[in-house]
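Protein chains: 2
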Amino acid sequence: MKSVNPLALPESFFSQLTEGAFLTVRAGASLNTMTIGWGMIGVAWERPIFTVLVRDSRHTYSIMERAVDFTVTVPTGDMNDALAFCGTRSGRDLDKFEACGLKTKPGLRTASPVLDVWGVQLECRILYKTPMDPSGLDPALSALYPKHDYHTLYFGEILECYEQEGR
Amino acid sequence: MKSVNPLALPESFFSQLTEGAFLTVRAGASLNTMTIGWGMIGVAWERPIFTVLVRDSRHTYSIMERAVDFTVTVPTGDMNDALAFCGTRSGRDLDKFEACGLKTKPGLRTASPVLDVWGVQLECRILYKTPMDPSGLDPALSALYPKHDYHTLYFGEILECYEQEGR
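Here it is as structure tokens:
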């Protein structure tokens, strides 16, 4: 496990993220992971921030709303099967970890665990969140919301960022 | 001028940004630039996105609210004097470009110009914006808002990203 500066990530980070990453969140006894292909990284409020977007129709949303933190795992190994499964099936219906043989490891500083796979791990505390206001939406984006299940944006302070080698 | 993939920026990008960058915006006859030290880059809504935060007490805010786009210039040369000036003086009181000897160049795809200096140029169309809702603010952030002049977050679709060498 190698500590990584989240504000000096390798140039390949976003190409890996857009191919698929895992957003994992725990609140009390509820735990889920979902595939994400979007995310933003940077600095705000004098802190390193990672931002994720979750539609309010998602099982993950109901957990995020009760959680204090989340983790993002950007895999470097071949996780295509698990990414496809966790992006199309809902944690309401089954245990994705069991179904995909995904193991978790405790977060170093988060109640939410990380996936125990090769890749970059981000442990984030939810610092601010904002549900999208459809009245302010650019018409170019409306096509992304035919069911009006808008995203909530969760801005997470990056508490830990490290690269995990080996599984 | 060299085109740059905004999602594969050099690892030094954020250390330069946090030392100071310029947010430049034009709306009609109004034009201003201000120093920023925060920003987020990533992917959302199937597009490359750069996000800036502007307090509603700022002159730039009044222009952003009427603008359709903005640019960000992350300088690679020594711009410390101009960055200090544009971060402390208001465009309400003087013409910062004239005061600092800053020249602009037309944006390739934005009504807002870019600063004609060495560095990375981002031309962004405002895709979504959201004023911060203080009711959802983490207490850890309250200290940043003693005057309750909260930020509005502007999510800009990155239309062009290039590195400018020479001034």
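Taken in sequence, the protein lines are chains A and B. Position in the first sequence (first residue = 1) + 14 = my numbering. Position in the second sequence (first residue = 1) + 14 = my numbering. Built from N, CA and C at the ideal position, the CB exists for glycine as well.
- Message: I want to know whether the region 94 to 111 of chain B touches the region 159 to 177 of chain A - three or more CB-CB distances under 8 Å.
- Response: no
- Three-way DSSP call (helix, strand, coil) for residue 90 of chain A in this model: The residue given as residue 90 of chain A occupies position 76 in the first sequence. The answer is coil: DSSP assigns residue 90 of chain A none of H, G, I, E or B.
- Secondary structure at residue 36 of chain A, three-state DSSP: helix, strand or coil? Here residue 36 of chain A is taken as the residue at index 22 of the first sequence, counted from 1. Residue 36 of chain A: strand per DSSP, three-state reduction.
- Near residue 100 of chain B, what residues of its chain come up, given a Cβ to Cβ distance below 7 Å and the 5 sequence neighbours on each side ignored? Looking up residue 100 of chain B in the second sequence gives position 86. Cβ within range, chain order: 36, 47, 48, 49, 110 and 114.
- Task: Can you give me the Cβ contacts of residue 97 of chain B inside the same chain, cut-off strictly under 6 Å, excluding the 5 residues immediately before and after it?
- Result: Working through the second sequence from its first residue, we reach residue 97 of chain B at position 83. Excluding positions up to five away in sequence, the list reads 34 and 49.
- Task: Using a Cβ cut-off of 8 Å, pull out every chain A residue sitting near residue 21 of chain B, in sequence order please.
- Result: By 1-based counting over the second sequence, the position of residue 21 of chain B is 7. Within 8 Å Cβ-Cβ: 28, 29 and 32.
- Message: In this structure, how does DSSP classify residue 181 of chain B when only helix, strand and coil are distinguished?
- Response: In the second sequence, residue 181 of chain B corresponds to position 167, counting from 1. Reliability fails at residue 181 of chain B, whose pLDDT of 45 lies under 50, so the model's placement of it is uncertain and no value is given.
- Message: Please report whether the beta-carbon of residue 53 of chain B lies at a distance below 7 Å from any beta-carbon of chain A.
- Response: Locating residue 53 of chain B in the second sequence gives position 39, counting from the first residue. At least one chain A Cβ lies under 7 Å of residue 53 of chain B.
- Task: Compute the Euclidean distance between the alpha carbons of residue 72 of chain B and residue 52 of chain B, then round it to the nearest angstrom.
- Result: As a position in the second sequence, residue 72 of chain B is number 58, starting the count at 1. As a position in the second sequence, residue 52 of chain B is number 38, starting the count at 1. About 15 Å.
- Taking the alpha carbon of residue 88 of chain A as the point to measure from, which residue in A/125, A/60 and A/134 has its own alpha carbon closest? Here residue 88 of chain A refers to the residue found at position 74 of the first sequence. Looking at the Cα atoms, A/134 is the closest of the given residues.
- Check the Cβ of residue 77 of chain B against every Cβ in chain A and list those closer than 9 Å, keeping chain order. Numbered from its first residue, the second sequence carries residue 77 of chain B at position 63. Correct list: empty, because the minimum Cβ distance to chain A is about 18 Å.
- Using a Cβ cut-off of 7 Å (strictly closer), state whether residue 58 of chain B contacts chain A. What you label residue 58 of chain B is simply residue 44 of the second sequence in a count that begins at 1. It does: the Cβ of residue 58 of chain B has a partner Cβ on chain A nearer than 7 Å.
- Task: Check whether the Cβ of residue 112 of chain A lies closer than 7 Å to any Cβ atom in chain B.
- Result: Here residue 112 of chain A is taken as the residue at index 98 of the first sequence, counted from 1. No, no contact with chain B.
- Identify, in the order they occur along the chain, each residue of the same chain with its Cβ nearer than 8 Å to the Cβ of residue 130 of chain B, setting aside the five sequence neighbours on each side. The residue labelled residue 130 of chain B in the question sits at position 116 within the second sequence. Closer than 8 Å at Cβ, skipping near neighbours: 116, 117, 118, 119, 178 and 181.
- Closest to residue 122 of chain B by CA distance: which of B/84, B/74 and B/162 is it? Along the second sequence, read from residue 1 onward, the residue named residue 122 of chain B stands at position 108. Ranking B/84, B/74 and B/162 by Cα distance to residue 122 of chain B puts B/84 first.
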